[in-house]
Amino acid sequence: MYVELNYNELQSIENLISNRINQLRIDIDGDAENEDEFKEIIRSYKKLFKKLQGFKNGECEEEFLTYKEIEEKASNAIDGKLRKIEDSNKTFKEIFPPGFENVLKVYVYNNKDQIAKKIKEIIDNDKFKSRAKEEVGKFIANSNPMISKFINSESIQKKLLDNLRNYVEDDKNIMEIVFLINGFIDELKDKKIKDFLVYVPYEGKKTLYNFIRNTTLDFLKK
135 MYVELNYNEL
145 QSIENLISNR
155 INQLRIDIDG
165 DAENEDEFKE
175 IIRSYKKLFK
185 KLQGFKNGEC
195 EEEFLTYKEI
205 EEKASNAIDG
215 KLRKIEDSNK
225 TFKEIFPPGF
235 ENVLKVYVYN
245 NKDQIAKKIK
255 EIIDNDKFKS
265 RAKEEVGKFI
275 ANSNPMISKF
285 INSESIQKKL
295 LDNLRNYVED
305 DKNIMEIVFL
315 INGFIDELKD
325 KKIKDFLVYV
335 PYEGKKTLYN
345 FIRNTTLDFL
355 KK
């Protein structure tokens, strides 16, 4: 949360700090045991008082970054850290805190319905259907020529996709998919990050980095 203060509000804060310094000076008198502690507190208040005066007079505005500047610095730092990790030999287990795989597994389980929905969307995607038909056609073309004459690739593709959709609509099968993903997570934690990312296309890396950066920046805003 960011609050802009006007001159009078800054003056009021300055007066409060000044009064507090004077009160601490009075409290020091007769309290030799805590004298050093009081002096340290006074020094801290004086630093704050001096900085506030400079800010009020427009003399040290460079010390106060705008949120946009903070966001830019944080963004650059996150990007640099991600690039450094990508070039290292570290595994996922070395980068993430202990138990991170369990957090991922819980996330997968809690979002299993969304995962099923996404799989259905892929099955119904025109590009996916076209690709499936193409692959079925290749398989038939490479099979026995006599058999291929009596097989319709489009009907096989349709039946294949229908079976896939029916499979995903069964809750028991969704749990099987969850278990498969969990198994992948267990294997992933011991893999080197760079060995994993080498199979991720540029756009995929860009999306992943943006997600991590934006998630981190959103956390910093809170």
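Under the numbering used here, the first residue of the sequence shown carries the number 135, and numbering increases by one thereafter. All residues carry an ideal CB built from backbone N, CA and C; glycine is no exception. All values reported here derive from a predicted model rather than from experimental measurement.
{"query": "With burial defined as no fewer than 16 other Cβ atoms inside 10 Å of the residue's Cβ, what is the status of Ile229: buried or exposed?", "result": "exposed"}
{"query": "Can you name the start and end residues of the alpha helix (DSSP H) that Asp329 belongs to?", "result": "Ile327 to Leu331"}
{"query": "Given a threshold of 16 other Cβ atoms within 10 Å of its Cβ, counted over all protein chains shown, does Val302 qualify as buried or as exposed?", "result": "buried"}
{"query": "Between Glu288 and the rest of its own chain, which residues show a CB-CB distance below 7 Å, the 5 nearest in sequence each way excluded?", "result": "Lys267"}
{"query": "Tell me whether the beta-carbon of Glu235 lies closer than 9 Å to the beta-carbon of Asp320.", "result": "yes"}
{"query": "For the ligand PLP, is there any heavy atom lying closer than 8 Å to the beta carbon of Lys218?", "result": "Among the components modelled here there is no ligand, and therefore nothing to report on the ligand PLP."}
{"query": "Looking at C-beta atoms only, is the number of pairs between the segment 325-345 and the segment 235-255 that lie closer than 8 Å three or more?", "result": "no"}
{"query": "State buried or exposed for Val332, treating a residue as buried only when at least 16 other CB atoms are found within 10 Å of its CB.", "result": "exposed"}
{"query": "I need the straight-line Cα distance from Ile327 to Val242, nearest angstrom please.", "result": "21 Å"}
{"query": "Counting C-beta neighbours from all protein chains within 10 Å, is the total for Gln291 16 or more, i.e. buried, or is it exposed?", "result": "buried"}
{"query": "So, is Leu238 buried or exposed, given that buried needs 16 or more other C-beta atoms within 10 angstroms?", "result": "buried"}
{"query": "Let me make sure I understand the geometry here. Which of Asp260, Glu310 and Leu150 has the alpha-carbon closest to that of Leu295?", "result": "Asp260"}
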